[in-house]
Amino acid sequence: MFGRILRVCEHDSFKRLSETARGITFGSSPHGEVCMAWLRIVDALKAPVGTRVTIKGWVRTRRDSKAEGGLAFIALHDGSCFDTIQIVVKGTLPNFASEVAKLTTGCAIECDGVIAQNPKGGNELQCENPSPPAGDALRVVGWVEDPDTYPIQPKPHSFEYLREQAHLRVRTNTFGAVARVRHCLAMAVHQFFHQRGFYYVHTPIITANDCEGAGQMFKVSTLDTMRPLPRVAKEAQSAEAIEHCRDLAAKANMPPWTYGQVDHTNDFFGKEAHLTVSGQLNVETYCMAMSRVYTFGPTFRAENSNTSRHLAEFWMIEPEIAFADLNDDANLAEDMLKHLFRTVLSERADDMKFFAERIEKTAVSRLEHIVEKPFLRVTYTEGIKILEGAIKGGRKFEFPVKWGTDLQSEHERFLTEEHFKQPVILTNYPKQIKAFYMRLDDNCEPDRQTVRAMDVLCPGIGEIIGGSQREERLDKLDERLVEMGLNIADYWWYRDLRRYGTVPHAGFGLGFERIIQFITGMQNIRDVIPFPRAPKQAEF
RNA sequence: UCCCCGAUAGCUCAAUGGUAGAGCGGCCGGCUGUUAACCGGCAGGUUCUAGGUUCGAGUCCUAGUCGGGGAGCCA
Numbered sequence: 027m028f029g030r031i032l033r034v035c036e037h038d039s040f041k042r043l044s045e046t047a048r049g050i051t052f053g054s055s056p057h058g059e060v061c062m063a064w065l066r067i068v069d070a071l072k073a074p075v076g077t078r079v080t081i082k083g084w085v086r087t088r089r090d091s092k093a094e095g096g097l098a099f100i101a102l103h104d105g106s107c108f109d110t111i112q113i114v115v116k117g118t119l120p121n122f123a124s125e126v127a128k129l130t131t132g133c134a135i136e137c138d139g140v141i142a143q144n145p146k147g148g149n150e151l152q153c154e155n156p157s158p159p160a161g162d163a164l165r166v167v168g169w170v171e172d173p174d175t176y177p178i179q180p181k182p183h184s185f186e187y188l189r190e191q192a193h194l195r196v197r198t199n200t201f202g203a204v205a206r207v208r209h210c211l212a213m214a215v216h217q218f219f220h221q222r223g224f225y226y227v228h229t230p231i232i233t234a235n236d237c238e239g240a241g242q243m244f245k246v247s248t249l250d251t252m253r254p255l256p257r258v259a260k261e262a263q264s265a266e267a268i269e270h271c272r273d274l275a276a277k278a279n280m281p282p283w284t285y286g287q288v289d290h291t292n293d294f295f296g297k298e299a300h301l302t303v304s305g306q307l308n309v310e311t312y313c314m315a316m317s318r319v320y321t322f323g324p325t326f327r328a329e330n331s332n333t334s335r336h337l338a339e340f341w342m343i344e345p346e347i348a349f350a351d352l353n354d355d356a357n358l359a360e361d362m363l364k365h366l367f368r369t370v371l372s373e374r375a376d377d378m379k380f381f382a383e384r385i386e387k388t389a390v391s392r393l394e395h396i397v398e399k400p401f402l403r404v405t406y407t408e409g410i411k412i413l414e415g416a417i418k419g420g421r422k423f424e425f426p427v428k429w430g431t432d433l434q435s436e437h438e439r440f441l442t443e444e445h446f447k448q449p450v451i452l453t454n455y456p457k458q459i460k461a462f463y464m465r466l467d468d469n470c471e472p473d474r475q476t477v478r479a480m481d482v483l484c485p486g487i488g489e490i491i492g493g494s495q496r497e498e499r500l501d502k503l504d505e506r507l508v509e510m511g512l513n514i515a516d517y518w519w520y521r522d523l524r525r526y527g528t529v530p531h532a533g534f535g536l537g538f539e540r541i542i543q544f545i546t547g548m549q550n551i552r553d554v555i556p557f558p559r560a561p562k563q564a565e566f
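Right under this line is the structure:
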């Protein structure tokens, strides 16, 4: 009767249905029975014509026709792919006038029907009651209570507006596509490292190191800072007075002030604690035993940054490789980026096609272009020469170009967007503008000392990766700590790595949201993370 | 944090200091295997907040809040 039907017959288990639907095979049932399987839309769009299935999802649009005694066309999405499936509902359904005709954008429905060929090509679902009838073929699972004020309409919304509707914006095609691409990339990151023998290390989110030194940190404390602070007046500070103050504070779970400073001895960790700004220092310890490791987790920066490329909470990927130098590090970064690009092009072709059509014309073509040829590698010093040459040629920059100073955004963008027009790995920066743990280059001119650092610059985004070979020599590391005014004692366990079996090693940090931005062409970083955290922004 | 721009119907935007408008969406009707459908009608407003200038402020001034772009910090 139905030509081809599902071989499997599942009814009520969400999990079993989903698993079954993935590996479903189609063909004639030996018993001729009618089976109703819940298919995700991605599978329904590929199912053979005549297959009888159930589909569940949310209405994107509904249009009506008076033809054939009344028809309703519903575009349904369920997140399984970019495309919606069209449900064609016959006017003969008992609940057609009472329910189907009243469906609006956002309603949740499930419908039974038969896969059919759409006159314009592709699959659609003919929703009709089975014979004999066994309940309504289209069932409304959840109504939209007031269609007039439902925030997501079937029309282009501004990203700024949708940011204020972050709990609903994933129902739009853009944010659905971003969510699938984000997932695809996260899986591809793990796949890339796993295939190359890296171990995934869960570095801590809370840290009591005050030595991370990468900008402003969020404080983590259980002290009740809402209460008045017992404090000892400067002129009355005696040992007894301070002790008394500490007692009071300990009993009240308050942060006592002594000598004008918060005393954290009563705090949860007994010392000042923060949210991590990087897993690098911790993951280096695992690198010195496991050889190839990486972290992939949330990272927090309390900087008051209001830009399209910064978040207060973002996800960072930080590999660390032992017995390796800066060149190995750059190779790893290049291989990883190319793996991510290839994976997203093949696994999320539907979403990438959308980004290329509606968000950024070159979204697909530039990735295809990039994976085909090696990244350029240029030293900082060569980069400066190129910039100086451009200035001589009449190019104007707001900031001066001078060896020994950090490159400004405009300089980086000039190199990657105008001069090379492709990703560039810039290496060997002057030591005074880089972190203490980066390895000093050998054989430098005395007044032009550089470190084995690298930045990967991409058109449109700027710096997407920052990395370096680490200083593995204890004496050199200590010199750098002192030079930068850091307290050597605070770094005791990090220094131990250089005392016990030290080896050359290297690593980098990749901002996960920035790579998603680069791939999708989404201009604001707040639109590539589900619930962005930024200054004055933590509503959801 | 600094510089610039903005805030008007559910959404996107108009409106010379002088009666608050359109498109989309919603509702009603027409047409239609439609698919960002189309055609007609209806409803929908404390013009971000608080002050000020003016006979009169959506419009000008001051402050604030929020949003956007750029910069710094970085990933």
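To get our numbering, take the position in the first sequence, counting from 1, and add 26.
We treat Cβ as the ideally placed atom computed from N, Cα and C, and that holds for glycine.
Over the uninterrupted beta strand (DSSP E) stretch that includes residue i, give me the two end residues.
i: ASP172; result: Counting along the chain, ASP172 falls outside any beta strand (DSSP E), and DSSP gives it neither H nor E.
i: ALA101; result: 97 to 103
i: VAL140; result: 134 to 143
i: LEU402; result: 402 to 405
Determine the contact status of residue i and residue j, defining contact as a CB-CB distance below 8 Å.
i: MET548; j: ARG496; result: no
i: THR87; j: ALA101; result: yes
i: TRP429; j: THR407; result: yes
i: GLU136; j: LYS82; result: yes
i: VAL207; j: VAL370; result: yes
i: PRO556; j: ALA338; result: no
i: VAL17; j: VAL227; result: Residue 17 falls outside the range modelled here, since the chain spans only 27 to 566, and no answer is possible.
i: TYR176; j: GLY132; result: yes
i: TYR225; j: MET316; result: yes
i: GLY493; j: GLY527; result: no
i: LEU211; j: LEU366; result: yes
i: THR476; j: ASP468; result: no
i: ALA70; j: ILE111; result: yes
i: ASP293; j: SER247; result: yes
i: ARG335; j: ARG540; result: yes
Pick helix, strand or coil for residue i, following the three-state DSSP scheme.
i: ALA192; result: coil
i: LYS116; result: strand
i: CYS271; result: helix
i: ASN149; result: strand
i: ASP90; result: strand
i: ALA416; result: helix
i: TRP518; result: helix
i: ASN121; result: coil
i: ASN155; result: coil
i: PHE340; result: strand
i: LYS245; result: strand
i: ALA73; result: coil
i: TYR455; result: strand
i: HIS437; result: helix
i: GLY58; result: Only weak support is given to the placement of GLY58: the predicted model assigns it a pLDDT of 42, under 50, and the value that follows is read from those uncertain coordinates. Three-state result, GLY58: coil.
i: THR291; result: helix
i: HIS183; result: coil
On the DSSP bridge assignment, give the partners of residue i in chain order.
i: CYS484; result: GLY488
i: SER264; result: For SER264, which the question treats as bridged, DSSP gives no partner whatsoever.
i: TYR13; result: As displayed, the chain neither begins before 27 nor continues past 566, which places residue 13 out of reach and without an answer.
i: ALA348; result: HIS531
i: TRP429; result: TRP429 is not bridged to any residue.
i: ALA63; result: VAL79
i: THR325; result: PHE340
Just to confirm the assignment, what range does the alpha helix (DSSP H) spanning residue i have?
i: GLU360; result: 352 to 373
i: MET213; result: 199 to 221
i: PHE544; result: 538 to 546
i: ALA389; result: 389 to 398
i: LEU500; result: 500 to 509
Between which residues of its own chain and residue i is the CB-CB distance below 6 Å, once the five residues before and five after are set aside?
i: PRO485; result: THR442 and GLU443
i: TYR285; result: Model confidence at TYR285 stands at a pLDDT of 47, short of 50, so the residue's coordinates are unreliable; what they give is reported in the following sentence. Cβ within range, chain order: n/a, list empty.
i: ILE113; result: ILE100, LEU102, CYS137, LEU151 and CYS153
i: GLY305; result: THR229, THR321 and GLU344
i: ARG89; result: PHE99
Report all residues from its chain with a CB closer than 8 Å to the CB of residue i; omit the five preceding and five following residues, and keep chain order.
i: LYS92; result: none
i: VAL508; result: ILE514
i: CYS313; result: VAL319, GLU346, ILE347, ALA348, HIS531 and GLY533
For residue i, which residues in the same chain have their Cβ closer than 7 Å to its Cβ, ignoring the five residues on either side in sequence?
i: PHE244; result: HIS300, LEU301, PHE326 and ALA328
i: GLN567; result: This structure cannot speak to residue 567, because the chain is shown only from 27 to 566.
i: GLN21; result: Residue coverage of the chain in this structure runs from 27 to 566, which leaves residue 21 outside it and unanswerable.
i: MET378; result: VAL370, LEU371, ALA389 and VAL390
Could you tell me if the beta carbon of residue i falls within a distance shorter than 7 Å of some heavy atom in the ligand HEM?
i: LEU307; result: Ligands are entirely absent from the displayed structure, and the ligand HEM is therefore not among its contents.
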